[in-house]
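There are 2 protein chains.
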Amino acid sequence: MAGEGVKLYGFWVSPFSMRVELALKIKGVDYEYIEEDLQNKSPELLQYNPVHKKVPVLVHNGKAIAESQVILEYIDETWKENPIMPQDPYERAMARFWAKFIHEKCVPSFRKALLGGETEVEKGIEETKENLMILEKVLEGKSFFGGERIGFVDIVANVIAYWVFLYQEAVEKEVLTEEFSVLCNWKDKYVNHSIIKETLPPKDKSVAYYRARFAQSKASS
Amino acid sequence: MAGEGVKLYGFWVSPFSMRVELALKIKGVDYEYIEEDLQNKSPELLQYNPVHKKVPVLVHNGKAIAESQVILEYIDETWKENPIMPQDPYERAMARFWAKFIHEKCVPSFRKALLGGETEVEKGIEETKENLMILEKVLEGKSFFGGERIGFVDIVANVIAYWVFLYQEAVEKEVLTEEFSVLCNWKDKYVNHSIIKETLPPKDKSVAYYRARFAQSKASS
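Residue numbers (the UniProt record's numbering), protein chains in the order written: chain A, 1 to 221; chain B, 1 to 221.
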């Protein structure tokens, strides 16, 4: 499908720019991908996202949009093929609710559990496990959060399906284990989906990146 | 307009449940309001919002929705009269972007500036002022974030239009001052809009509530 001048400013291992790539690919929208050097951000990125100065930024017909979840909804409203949001208002509200839960509850609790200081880790593990139990109940009996196919919540949850496992390997700790069997089944289906599989960053290179990054932030804290 | 069994679980001085009330009133949707005792939450609230156990919760035809911004979008999609979201996908993305900015950047920076410990206050004031400058630019030349009428971003920004002034009076500090003239003009128009004016909680009672609450959290920290 013609992207009518669609550009994505991203970073190869960012789960947030990857969300946008996944949505564009699921939709079949052609786009030009521009890799950012986060140590030396391009003038275009700073111009297009002056508030946060972060990837991802989607530029469509010269107009820029930032924030991955905002971009996902824009993509779904602009290119109608292969919807990622449900059509029913209540189901849409539920999708937004769970995406928000993943962003505001799960991501910070994983961070505390895997990267937190001594005083935070125990609380972080406890919170993470509570959050994962909640997500298991949501997924019970379904292939994906989106039902039979990958939708908005699954795309947002790429952090859990793939990145958490990279982080875990990088820090040699485990909090999302096989005991969460419903989530692990979902994760297996997700990362083996043809579009997802060809788009995710390579595992070994990604783990090496996070290992170096976490070591650096530990050294400078 | 018939609300077809619309119930709102709220708390009289919560800016979050107030967002939902404002949207329902702007839309002209009839609803039953149920005041929650936050020290002794009702079984219904805990049943309807088991994840966060918080107000607001909207129940429509027996189905519950939590999280104020999620509820606002549901309301706009369910009752089409007097839209609060723009119709154009790019404008909708911008509305979601600014609502997220207010929720994730402005609210935490106000909290640090007005309620933070000694080490946080200075940084909090600096961040707040930067954020307010950004919002001034967005509002420049417009009556409301929504253009000529109150929309999604204005409703989310009730925290800035009214609550920040309550907090400031309660703690006897000022960070949002008249130097932010564009925001102050907007705030004056906003709080004097007929629907907003009749719905906001009474000022003196609200200030007294926050004065007591902040004193209590200071004593217990």
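Every residue gets a Cβ at the ideal spot worked out from N, C-alpha and C, and that includes glycine.
As the structure is a prediction and not an experimental result, all values here were calculated from the model.
Item, Value
"Decide yes or no for the touch test of the segment 111-119 of chain B against the segment 187-199 of chain B: beta carbon pairs closer than 8 angstroms, at least 3 of them.", "no"
"With DSSP run on the structure shown, which of helix, strand or coil describes Y9/A?", "strand"
"My understanding is that A93/A touches V153/A, with C-beta atoms under 8 angstroms, so please give their C-beta distance in whole angstroms.", "So it is not a contact: roughly 12 angstroms between Cβ atoms."
"When you compare the CB positions of I102/A and V156/A, do they come within less than 8 angstroms of one another, or not?", "yes"
"Whole angstroms are fine: how far does the CA of Y90/B sit from the CA of A99/B?", "14 angstroms"
"With a 10 Å radius around its C-beta and 16 neighbouring C-beta atoms as the bar for buried, classify D88/B as buried or exposed.", "exposed"
"For V70/A, go through chain B and note every residue whose CB falls closer than 8 angstroms to its CB, in chain order.", "A93, R96, F97, K100"
"Quick one: what does DSSP say L38/B is sitting in, helix, strand or coil?", "coil"
"Just to make sure I have the definition right: I need the residues of chain B whose C-beta is within less than 7 angstroms of the C-beta of E77/A. Which are they?", "P89, R92"
"Taking only beta-carbon positions, decide if K112/B is within less than 8 angstroms of chain A.", "no"
"Using a Cβ-Cβ distance cut-off of 8 angstroms, determine whether K63/B contacts chain A.", "yes"
"Work out the CA separation of F11/B and residue 274/A for me, nearest whole Å.", "Within the shown structure, residues of chain A are numbered from 1 to 221, placing residue 274/A beyond reach of any answer."
"According to the Cβ coordinates, are Y74/A and Y48/A closer than 8 angstroms?", "no"
"Short check: CB of N158/B to CB of L22/B, under 8 angstroms?", "yes"
"Can you list the residues of chain A that E73/B reaches, using a CB-CB cut of under 8 angstroms?", "R92, A93, R96"
"Contact defined as beta carbons within less than 8 angstroms: I believe M18/A pairs with T199/A. What is the distance between those atoms, to the nearest angstrom?", "7 angstroms"
"Please tell me whether V171/B and F214/B are closer than 8 angstroms, where the distance is taken between their beta carbons.", "yes"
"List the residues of chain A that V51/B touches, going by C-beta distances under 7 angstroms, in chain order.", "F101, I134"
"Taking all protein chains shown into account, decide if residue 250/B is buried (16 or more other Cβ within 10 angstroms of its Cβ) or exposed.", "Nothing can be reported for residue 250/B: it is not among the residues displayed for chain B, which extend from 1 to 221."
"Terminal residues of the continuous beta strand (DSSP E) containing A66/B?", "63-66"
"For the ligand FAD, is there a heavy atom less than 7 angstroms away from the beta-carbon of G62/A?", "The ligand FAD is absent from the structure shown, which contains no ligand whatsoever."
"On the criterion of 16 or more Cβ atoms from any shown chain inside 10 Å, does P15/B qualify as buried, or is it exposed?", "buried"
"Residue range of the alpha helix (DSSP H) that V138/A falls in?", "118-139"
"Less than 8 angstroms separating the beta-carbons of K7/B and E81/B?", "no"
"How long is the line joining the alpha carbons of A2/A and D30/A, rounded to whole angstroms?", "At A2/A the pLDDT is 49, less than 50, meaning the model places this residue with poor confidence and gives no usable figure here."
"Using the DSSP secondary-structure output, state which residues sit across from residue 297/A in a beta bridge.", "With chain A running from 1 to 221 in the structure shown, residue 297/A is simply not present."
"Give me, in chain order, the residues of the same chain whose beta-carbon lies closer than 8 angstroms to that of L38/A; leave out the 5 immediate sequence neighbours on both sides.", "F11, V55"
"Step through the CB atoms of chain D and report whether any lies within less than 8 angstroms of the CB of A66/A.", "No chain D is part of this structure, whose protein chains are labelled A and B."
"When the Cα of E118/B is compared with those of E44/B, K218/B, V13/B, which residue comes out closest?", "K218/B"
"Rounded to a whole number of angstroms, what is the C-alpha to C-alpha distance between residue 224/A and S68/A?", "Chain A is shown from 1 up to 221; residue 224/A falls before or after that span and cannot be answered."
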